[in-house]
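Q:
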Amino acid sequence: MPAERKPIVMQTKKTNIIYENWKVYSLHNKLMFRCNEKKANWYLKRNLAKLIPGERTIQLTFEAKGNGHKEGDYMVEERINTCVACNATELLTMHHVVPEMYRRAMPLSIKSKSSRDILLLCKQCHHLYEDKATQLKKELMKQYDCPLEGKGWINSAEKRQVRKAATALLRFEDKIPQQRRDELILVVKEYYDRHENQNEPISYDDDGRIMAWKTILEQYSRLEDVYRGPDFIDHGTCVIRQLMEKGKITSEDGKQERWPELENFIKLWRQHFLDHLEPKYLSASWTVNGEIYNH
Ligand SMILES: [Zn+2]
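Quick note on my numbering: the sequence shown kicks off at 17 and runs consecutively.
1) Go ahead and pull the three-state DSSP assignment for Phe-78.
2) Quick one: is the Cβ of Gln-140 within less than 7 angstroms of any heavy atom of ligand 1?
3) Verify whether the separation of the beta carbon atoms of Tyr-90 and Trp-302 is less than 8 angstroms.
4) Provide the residue span of the alpha helix (DSSP H) that contains Met-157, from first to last.
5) For Val-92 versus Leu-47, is the C-beta distance shorter than 8 angstroms?
6) Which full runs of the alpha helix (DSSP H) of 4+ residues lie inside the segment 53-122, going along the chain?
7) Would the beta-carbon of Ala-14 fall within 8 angstroms of that of Val-204?
8) Hey, how far is the Cα of Asp-241 from the Cα of Phe-188?
9) May I ask you to verify whether the segment 242-262 touches the segment 148-167, counting CB pairs closer than 8 angstroms and requiring at least 3?
10) Should Leu-137 be listed as close to ligand 1, given that the test is whether its C-beta is under 7 angstroms from any heavy atom?
11) Can you tell me where the alpha helix (DSSP H) with Val-304 in it begins and where it stops?
12) Can you look up Ile-192 in the DSSP assignment and give me helix, strand or coil?
13) Where does Asp-247 fall in DSSP's three states?
14) Quick one: using the 10 Å Cβ neighbour count with 16 as the cut-off for buried, is Glu-268 buried or exposed?
15) Buried or exposed for Met-122, going by 16 or more other Cβ atoms inside 10 Å?
16) What separation, rounded to the nearest whole angstrom, lies between the Cα atoms of Gly-263 and Asn-280?
17) Are the segment 99-115 and the segment 137-148 touching by the rule of at least three beta carbon pairs closer than 8 angstroms?
18) Three or more beta-carbon pairs under 8 angstroms between the segment 193-207 and the segment 280-295, yes or no?
19) Given 7 angstroms as the limit, tell me if Ala-101 has its C-beta closer than that to any heavy atom belonging to ligand 1.
20) Can you tell me where the beta strand (DSSP E) holding Arg-50 begins and where it ends?
21) Please identify the residue among Pro-246, Tyr-208, Asp-250 whose C-alpha is closest to the C-alpha of Lys-230.
22) Can you give me the Cβ contacts of Asn-63 inside the same chain, cut-off strictly under 8 angstroms, excluding the 5 residues immediately before and after it?
23) Among Lys-66, Asp-133, Trp-38, Ser-125, which one has its Cα closest to the Cα of Asp-306?
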């Protein structure tokens, strides 16, 4: 089995401004949300917004669907570019409160709404918390019977035997005793007969040697004996699928869907983050019950 992958902590440049804090106002002068310069320019280029000079502010030129975030909501607040746990201003990294392995398996109406759950942590605090997060993942692994390395690996003794035989023949053919060599050749040939195109038999050259032999050995020496089978499912998808199967609520007009168990799962991670890191510099308006969906 492949070793469990260590979480990758992306390091940003010291001078990098992560929150660019552009303000987006509605037609009716209501502060709707914050965004970065790239997104602000996206609106401006399409004439969907006009620039309010002097500040990092744009105003939409169309009637926006929905009303943006509530007044005082975390998403309209000015963000500070420091670690939410220790207030450090250097070696800042983006932390996904709900780990990506789970979020990417969620419906679009949730995963497209991820910015609330991406917080700034310095490298040190990030590592500190990742240890705790790994413990929670291991608990979830037991609870849902979803191994962290995924489910549905195929461990093929046949392929392993062929790979070893091909490797030995490639490296030490001259040194192997005749009888053993014949056995190894037989292992490779039998595998070839079982798996390769029977209309293209191994051909022999003038000296009676098999022409494609070396190519076959090279190919077989790279055979993978542990690999993902057709039913392979990664840990995150395995957990999220089970949660979604526990029930869905559809709005009366049929346009909006909610998954109560996914909501609980996201809140579980938010609470876990607060409990274990006690982030003193996180805005008080960032709460466990903050919005989850994009509708
Ligand atoms: Zn920190």
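All C-beta atoms in this analysis are idealised placements derived from N, C-alpha and C, irrespective of residue type, glycine included.
Every value quoted in this text rests on a predicted model; they were computed, and no experiment measured them.
A: In terms of the structure at hand:
1) In the sequence shown, residue 78 corresponds to position 62, counting from 1. Three-state DSSP puts Phe-78 in coil, outside helix and strand.
2) The count along the sequence shown starts at 1 and reaches residue 140 at position 124. Taking 7 angstroms as the cut-off, the C-beta of Gln-140 counts as close to a heavy atom of ligand 1.
3) Here residue 90 corresponds to residue number 74 of the sequence shown, with the count starting at 1. Here residue 302 corresponds to residue number 286 of the sequence shown, with the count starting at 1. Taking 8 angstroms as the Cβ cut-off, Tyr-90 and Trp-302 qualify as a contacting pair.
4) Counting from 1 along the sequence shown, the entry for residue 157 is found at position 141. Where Met-157 is concerned, the enclosing alpha helix (DSSP H) stretches over 139-160.
5) By 1-based counting over the sequence shown, the position of residue 92 is 76. By 1-based counting over the sequence shown, the position of residue 47 is 31. A distance below 8 angstroms separates the beta carbons of Val-92 and Leu-47.
6) Here the runs fully enclosed are 53-61, 116-119.
7) Here the chain covers residues 17 to 311 and nothing more, so residue 14 does not appear.
8) As a first step, residue 241 must be located in the sequence shown, where it is residue number 225. As a first step, residue 188 must be located in the sequence shown, where it is residue number 172. So the alpha carbons of these two residues sit roughly 22 angstroms apart.
9) Taking a contact to require three or more Cβ pairs closer than 8 angstroms, the segment 242-262 and the segment 148-167 qualify as touching.
10) The count along the sequence shown starts at 1 and reaches residue 137 at position 121. Flag set: Cβ of Leu-137 near ligand 1.
11) Your numbering for residue 304 matches position 288 in the sequence shown. Looking at the DSSP string, Val-304 is not in any alpha helix (DSSP H), and its letter there is neither H nor E.
12) The residue given as residue 192 occupies position 176 in the sequence shown. Ile-192 carries a coil assignment under DSSP once its states are collapsed to helix, strand and coil.
13) As a working note, residue 247 is residue 231 in the sequence shown. In the three-state DSSP reduction, Asp-247 falls in the strand class (E or B).
14) By one-based count along the sequence shown, residue 268 stands at place 252. By the 10 Å Cβ count, Glu-268 comes out exposed.
15) Within the sequence shown, numbered from 1, the residue matching residue 122 stands at position 106. Flag for Met-122 reads buried.
16) Numbered from 1 along the sequence shown, position 247 holds the residue referred to as residue 263. Numbered from 1 along the sequence shown, position 264 holds the residue referred to as residue 280. Taking the CA atoms as reference points, Gly-263 sits about 12 angstroms from Asn-280.
17) Judged by Cβ distances under 8 angstroms, the segment 99-115 makes contact with the segment 137-148, as three or more pairs qualify.
18) Taking a cut-off of 8 angstroms on C-beta distances, the segment 193-207 does not touch the segment 280-295, as fewer than three cross pairs fall below it.
19) For the purposes of this step, residue 101 is taken as residue 85 along the sequence shown, with counting starting at 1. Ala-101 Cβ: within cutoff of ligand 1.
20) Position 34 of the sequence shown, counting from 1, holds the residue named residue 50. Element bounds for Arg-50: 47-51.
21) Walking along the sequence shown from the start, residue 230 turns up at place 214. It is Tyr-208 whose Cα lies nearest to the Cα of Lys-230.
22) Indexing the sequence shown from 1 puts residue 63 at position 47. Leaving aside the five residues that flank Asn-63 on each side, the residues in its chain whose CB is nearer than 8 angstroms to its CB run, in chain order, Thr-77.
23) Taking the first residue of the sequence shown as 1, we reach residue 306 at position 290. It should be noted that the sequence gives Gly, not Asp, for residue 306. Here the closest residue by C-alpha is Asp-133.
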